[in-house]
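Encoded as structure tokens, the structure appears first; notes follow it.
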Amino acid sequence: MFEKILVAADGSEPARRAAEAAAELAHRCGAELHAVHVVHAVKPSEEFLRFAEIEHIGPKPEFLTLVMPPGPERTGRPFPAVAVTRAMMEAMAEPALRAARDAARAKGITKLKEDVLSGDPAAALLAYAQSQGVDLIVAGRRGLGALGSLALGSVTLKLCHHAQCPVLTVP
Ligand SMILES: Nc1ncnc2c1ncn2[C@@H]1O[C@H](COP(=O)(O)OP(=O)(O)OP(=O)(O)O)[C@@H](O)[C@H]1O
Ligand SMILES: [Mg+2]
């Protein structure tokens, strides 16, 4: 029934269950499974890149994003971070993708495609689904934010509103 299934991976418990459900469906349908994580990031402005060049910074930042500070500076709020290169983004995505990969493998899936995107998570997932011809998106109802009493997180809500294909939400 489905040929290309996308599972949205953010490292949360609902996303892990979404990966299990997606893997089971992919297995039954003989579908391709794509696990995708989006690093919430923005492109640096020209002004920022000029400033960075004048200050002789190390690797050219490809993206600007937020990170949770480790150790005693951990405040529960992310800090702005710069100089995020492609390699760093891949490292940031790894825990979320690993969780999806492990859940999929436990369901017997061996052929799994993994991708790391950047930008607004919902917009990036929707663009990916369109460009890759995905025919089912599977996402957790909630994710890492999990604050408040809303039934659906904001990423899943946007996916349900705007996707051109069916969306399966997993509690
Ligand atoms: N950055 C991301 N990359 C890939 N998938 C994501 C990402 N963020 C969320 N998702 C998907 O969306 C699901 C719901 O997460 P969502 O972010 O919508 O809710 P939340 O984190 O509980 O609330 P908030 O709206 O505060 O972020 C996750 O289980 C996951 O499947
Ligand atoms: Mg979230």
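Residues in the sequence shown are numbered consecutively from -19, following this note's numbering. The C-beta atom is built at its ideal place from N, Cα and C for all residues, glycine as well.
Would you check if the distance between the CB atom of Pro146 and the CB atom of Leu116 is smaller than 8 Å?
-> For this step, residue 146 is matched to residue 166 along the sequence shown. For this step, residue 116 is matched to residue 136 along the sequence shown. Closer than 8 Å, so yes.
Alpha carbon to alpha carbon, how far is Leu82 from Arg30?
-> Position 102 of the sequence shown, counting from 1, holds the residue named residue 82. Position 50 of the sequence shown, counting from 1, holds the residue named residue 30. Residue 82 is actually Asp in this sequence, not Leu. Pairing Asp82 with Arg30, the inter-Cα distance amounts to about 42 Å.
Unbroken beta strand (DSSP E) run spanning Ile34, endpoints | The residue labelled residue 34 in the question sits at position 54 within the sequence shown. Ile34 -> not in any beta strand (DSSP E); alpha helix (DSSP H) instead, spanning Glu26 to Ile34.
Between the CA atoms of Tyr108 and Glu74 - distance to the nearest angstrom = Here residue 74 is taken as the residue at index 94 of the sequence shown, counted from 1. Here residue 108 is taken as the residue at index 128 of the sequence shown, counted from 1. Cα-Cα distance, rounded: 19 Å.
Determine which residues share a DSSP beta bridge with Ser98 and list them.
-> Residue numbering aside, residue 98 sits at position 118 when the sequence shown is read from its first letter. In the DSSP output, where bridge partners are listed per residue, Ser98 has Val19.
Output the boundary residues of the beta strand (DSSP E) element that contains Lys(-16).
-> Position 4 of the sequence shown, counted from the start, is the residue given in the question as residue -16. Segment Lys(-16) to Ala(-12), the beta strand (DSSP E) holding Lys(-16).
Note down, one range per segment and in chain order, each beta strand (DSSP E) of at least 3 residues found wholly within the stretch 81 to 147.
-> 92 to 99 and 116 to 120
State the DSSP-derived secondary structure class of Ala61, mapped to helix, strand or coil.
-> Taking the sequence shown and counting its residues from 1, one reaches residue 61 at position 81. If DSSP states are grouped into helix, strand and coil, Ala61 belongs with the strands.
Among the residues of its own chain, which have a CB less than 6 Å from the CB of Phe43, if the five just before and after it don't count?
-> Taking the first residue of the sequence shown as 1, we reach residue 43 at position 63. Ala21, Val64 and Ser98.
When the Cα of Glu12 is compared with those of Glu70, Met(-19), Ser134 and Thr136, which residue comes out closest?
-> Indexing the sequence shown from 1 puts residue 12 at position 32. The shortest C-alpha separation from Glu12 is found at Met(-19).
Bridge partners of Glu12, per DSSP?
-> Counting from one through the sequence shown, the residue named residue 12 turns up at place 32. Lys(-16).
Are the Cβ atoms of Lys(-16) and His7 separated by less than 8 Å?
-> For the purposes of this step, residue -16 is identified with residue 4 of the sequence shown, where counting begins at 1. For the purposes of this step, residue 7 is identified with residue 27 of the sequence shown, where counting begins at 1. Cβ atoms of Lys(-16) and His7: not closer than 8 Å.
Beta carbon of Pro(-6): closer than 7 Å to some heavy atom of ligand 1?
-> Here residue -6 refers to the residue found at position 14 when the sequence shown is read from its first residue. Correct: Pro(-6) has its Cβ closer than 7 Å to ligand 1.
Any non-hydrogen atom of ligand 1 within 7 Å of Arg122 CB = Numbered from its first residue, the sequence shown carries residue 122 at position 142. Shortest gap from the CB of Arg122 to any heavy atom of ligand 1: under 7 Å.
How many Å lie between Gly38 and His17 at the Cα?
-> Position 58 of the sequence shown, counting from 1, holds the residue named residue 38. Position 37 of the sequence shown, counting from 1, holds the residue named residue 17. Spanning the two alpha carbons is a distance of roughly 26 Å.
Ala(-11): buried (16+ other C-beta within 10 angstroms of its C-beta) or exposed?
-> Numbered from its first residue, the sequence shown carries residue -11 at position 9. Ala(-11) comes out buried.
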